[in-house]
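Counting in this note's numbering, the sequence shown runs from 567 upward without gaps.
Note that beta-carbon positions come from the ideal geometry of N, C-alpha and C, so glycine has one too.
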Amino acid sequence: MLSNLQIAASLDMLADMMDLDGENKYKTIAVQKAARRVAETNVSLKELASGGELTSLPDIGEKIAAKITELLETGRLAELEDYRRRYPSDLVKIQKVQGIGPKTARKVWEELGVASLEDMEAAATAGRIAALPGLGPKAQENILKAIARLKARGTRVLLGEALPIAEAAAAGLKKLKEARNVTCAGSVRRMKETVKDVDIIATASRPEALTWAFSRLAMVDEVIGMGPTKCSIRTHTGLQIDLRVVPHDLYGNLLQHFTGSRDHNVALRELAISRSLKVSEYGVEESGSGRIHKCATEEEVYRLLGLDYIEPELRENNGEIEAAADHRLPRLIGPGDIKGDMHVHSDWSDGRASIREMALAARQMGYSYMAISDHTQSLGMVQGLTPAKLEKQLQEVAALNRKLKGFHIFTSCECDVKADASLDLADKYLKLLDFVTVSIHSGFGQSRARIMTRMQAAMENPYVRAIGHPTGRIINRRDAYDVDVKMIIDMAAATGTALEINSHYQRLDLGDRNARAAQDAGVRLVINSDAHGPEGLDLKYGVATARRGWIKPATVLNTMTLAQMKKLLGRPKEPA
Ligand code: DGT
Ligand code: CA
Ligand code: ZN
567 MLSNLQIAAS
577 LDMLADMMDL
587 DGENKYKTIA
597 VQKAARRVAE
607 TNVSLKELAS
617 GGELTSLPDI
627 GEKIAAKITE
637 LLETGRLAEL
647 EDYRRRYPSD
657 LVKIQKVQGI
667 GPKTARKVWE
677 ELGVASLEDM
687 EAAATAGRIA
697 ALPGLGPKAQ
707 ENILKAIARL
717 KARGTRVLLG
727 EALPIAEAAA
737 AGLKKLKEAR
747 NVTCAGSVRR
757 MKETVKDVDI
767 IATASRPEAL
777 TWAFSRLAMV
787 DEVIGMGPTK
797 CSIRTHTGLQ
807 IDLRVVPHDL
817 YGNLLQHFTG
827 SRDHNVALRE
837 LAISRSLKVS
847 EYGVEESGSG
857 RIHKCATEEE
867 VYRLLGLDYI
877 EPELRENNGE
887 IEAAADHRLP
897 RLIGPGDIKG
907 DMHVHSDWSD
917 GRASIREMAL
927 AARQMGYSYM
937 AISDHTQSLG
947 MVQGLTPAKL
957 EKQLQEVAAL
967 NRKLKGFHIF
977 TSCECDVKAD
987 ASLDLADKYL
997 KLLDFVTVSI
1007 HSGFGQSRAR
1017 IMTRMQAAME
1027 NPYVRAIGHP
1037 TGRIINRRDA
1047 YDVDVKMIID
1057 MAAATGTALE
1067 INSHYQRLDL
1077 GDRNARAAQD
1087 AGVRLVINSD
1097 AHGPEGLDLK
1107 YGVATARRGW
1117 IKPATVLNTM
1127 TLAQMKKLLG
1137 RPKEPA
């Protein structure tokens, strides 16, 4: 019987083959979405299928359900096998290399017999790609670079994929009457943007009740290891989770130890030695007397070492220990500091909900404002805002603002800065808006100088208040465009333009380090959802990224009250 992960892999492969074959884009996307849904589904598809419930999952219609059933019943998918007979399966890896795509992949296979990434690299190194019509030396060079980047990349899981599963596992354990404490530790607790695996630490009246229950959770695909106080499992999504049940009186020591990071723990141990103490998972020991302090809480561990409590997100040995010793840790931003969202899409561009629905959802979250920032037209989407459409949208927003109680919608757009560095809407339109965000959505392959010219043109525009997802990276999938982040930060400071922390878990752009550098340079940040539907409004990952970047509430524009924001936007922007 196939696991969810294997089913998702087959569907993914099918989508890739369809792409290669030049199949209709919408059909391909539907299969990709289904694959993703399957991979993220925590209950076994076998069970859903046996209850005839596959189509109860979002993104799974009758057609996809039939494919899944075929996979479950026969272990194969006739359609996929047919493709496999026609194309070498490694071609799909080639087409996914940044800047190659299905047409080129087919061309190099048909013309040069290139059937794997190794073939591709060899052909490019030998100069045979450049000789193909329509490709040339520049394309060949880019292909070589992309292959090199691909090789350098690991297989860490995105936090936004791992955390919901980790939290579901923890919630499953918390329900047991034997459970006392249950907490995620490791990189998940530190909210690192990618994680290798999930670590859960617990205390219990009967440890084996917890490890047993853990091994029986619906999300478990395979039990990797099992003992009286330890259990490791692999979920249907392929993620590994390690549970450790620890003694109650050492809970603080062990939670601290297994939260890490390793570098933080090493530095902590060194500091301890300088204070004649020894820190380990067995307690804090006084070197002279040999007395061991067992700590039920992490706060006690840090207190014994003479340190202020250090939030998990800061534990990367980036100066937090020194700051804790000197009582100079920042008051970090938290979810409760956020008062609104300045980057939200609606069905006026590629969003799925109306402006009203987005506003109601944002108000429901406790916000007092949002900016509706639909895409402009050059993105190549039929729906983008033209000047005429924008003027109509302004009327709709004005009408909504008259009706909505206790909530304000700022007018905005996510304006493209085009490959030639011009903005996609003329100043006379930008001027009408409360808040303009500019993003790069095209010409990703341009030289650093070209990209920076575009950034500069955007930031020097007096109406542009923020740069959206400033580096363009998609974690594990697409590298940043060739930007000089330091220069972006300097330009932002000089022009008084804010930089976005885009909260989508695949972006987290700016990332933690860059956000910290921006704050140090006096640049304002804005933590946005970039939501395309009400469910996308959560800023959890953006706030976590900010916390990892030592960000204080005052650095972030959308911690302002509505009145403060209105006042700020009523004045021209000013250098930092
Ligand atoms: P990752 O790679 O995303 O899973 O990152 P972590 O930090 O979750 O690393 P992991 O799962 O290997 O270990 C969890 C924590 O346990 C780690 O942050 C610190 C602690 N730890 C584990 N092994 C060691 C070790 O050999 N030395 C030290 N000092 N700490 C360790
Ligand atoms: Ca881990
Ligand atoms: Zn957007």
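Original post:
Is SER1005 near ligand 2, with its Cβ less than 7 angstroms from a heavy atom?
Top reply: Not under cutoff, so the answer is no.
Subject >> PHE1001 - partner residues in DSSP beta bridges >> reply: DSSP lists SER978 as partners of PHE1001.
Original post:
Shortest alpha-carbon distance to ILE1117 belongs to which of GLN1130, GLY1136 and ARG1079?
Top reply: Residue ARG1079 holds the alpha-carbon nearest to the alpha-carbon of ILE1117 among GLN1130, GLY1136 and ARG1079.
Original post:
Helix or strand or just coil, what does DSSP make of LEU577?
Top reply: In the structure shown, LEU577 sits in a helix (DSSP, three-state: H, G or I).
Subject >> Run of the beta strand (DSSP E) containing GLU1066, from where it starts to where it stops >> reply: Where GLU1066 is concerned, the enclosing beta strand (DSSP E) stretches over 1064-1068.
Original post:
Is the beta carbon of GLY917 less than 8 angstroms from the beta carbon of GLU864?
Top reply: Taking 8 angstroms as the Cβ cut-off, GLY917 and GLU864 do not qualify as a contacting pair.
Original post:
Do ALA845 and ARG857 have their CB atoms nearer than 8 angstroms?
Top reply: In the sequence on display, residue 845 carries Val and not Ala. No. Outside cutoff.
Subject >> Meets three-Cβ-pair contact criterion under 8 angstroms: the segment 1107-1124 and the segment 1078-1098 >> reply: The segment 1107-1124 and the segment 1078-1098 touch, with no fewer than 3 CB-CB distances between them shorter than 8 angstroms.
Subject >> Span of the alpha helix (DSSP H) around LYS629 >> reply: Here the alpha helix (DSSP H) through LYS629 covers 628-640.
**OP:** Can you tell me which of THR795, ARG897 and SER753 puts its alpha carbon nearest to the alpha carbon of GLY826?
**Re:** Per the Cα distances, SER753.
Original post:
Below 8 angstroms between beta carbons: does that hold for ILE938 and THR1125?
Top reply: Taking C-beta atoms as the reference points, ILE938 and THR1125 fail to come closer than 8 angstroms.
Subject >> Closest Cα partner of SER1008 within the set LEU999, LEU998 and ASP990 >> reply: Comparing C-alpha distances from SER1008 to each of LEU999, LEU998 and ASP990 shows the shortest one belongs to ASP990.
Subject >> In DSSP terms, what LEU1091 is bridged to >> reply: DSSP output for LEU1091 lists LEU1065 and VAL1122 as bridge partner(s).
Original post:
Among PRO624, PHE973, ALA735 and LEU999, which residue has its Cα nearest to the Cα of CYS750?
Top reply: Ranking the options by Cα distance to CYS750, first place goes to ALA735.
**OP:** For GLU647, count neighbouring C-beta atoms within 10 Å of its own C-beta (all shown protein chains included) and say buried if the count is 16 or more, exposed if not.
**Re:** Exposed: under 16 other Cβ atoms inside 10 Å.
Original post:
Helix or strand or just coil, what does DSSP make of GLN661?
Top reply: DSSP places GLN661 in helix when its eight states are reduced to three.
Subject >> SER798 - containing beta strand (DSSP E), residue span >> reply: 796-801 is the span of the beta strand (DSSP E), which, as asked, contains SER798.
Original post:
What is the DSSP secondary structure of MET908, counted as helix, strand or coil?
Top reply: Here DSSP, grouped into helix, strand and coil, assigns MET908 to strand.
Original post:
So is the beta-carbon of SER512 under 7 angstroms away from any non-hydrogen atom of ligand 1?
Top reply: The first residue shown for the chain is 567 and the last is 1142, placing residue 512 beyond what the model contains.
**OP:** Would you check if the segment 1051-1061 and the segment 871-878 touch, i.e. whether three or more CB-CB distances between them fall below 8 angstroms?
**Re:** No: the two stretches stay apart, fewer than three of their Cβ pairs being nearer than 8 angstroms.
Subject >> Whether LEU1105 touches ILE904 by CB criterion (8 angstroms) >> reply: Contact: yes.
Original post:
Applying the criterion that 16 or more other CB atoms from any shown protein chain within 10 Å of the CB defines a buried residue, is PRO624 buried or exposed?
Top reply: By the neighbour-count definition (other C-beta atoms within 10 Å, threshold 16), PRO624 is an exposed residue.
Original post:
Roughly how many whole angstroms lie between the Cα atoms of ALA596 and MET579?
Top reply: In a straight line, the C-alpha of ALA596 is about 13 angstroms away from that of MET579.
Subject >> Paired residues, beta bridge with THR1019 - DSSP >> reply: Paired residue(s): none; THR1019 is not in a bridge.
Original post:
Who are the Cβ neighbours of ALA985 in its own chain at under 6 angstroms, not counting the five residues just before and after it?
Top reply: So the qualifying residues of the chain are SER1008 and GLY1009.
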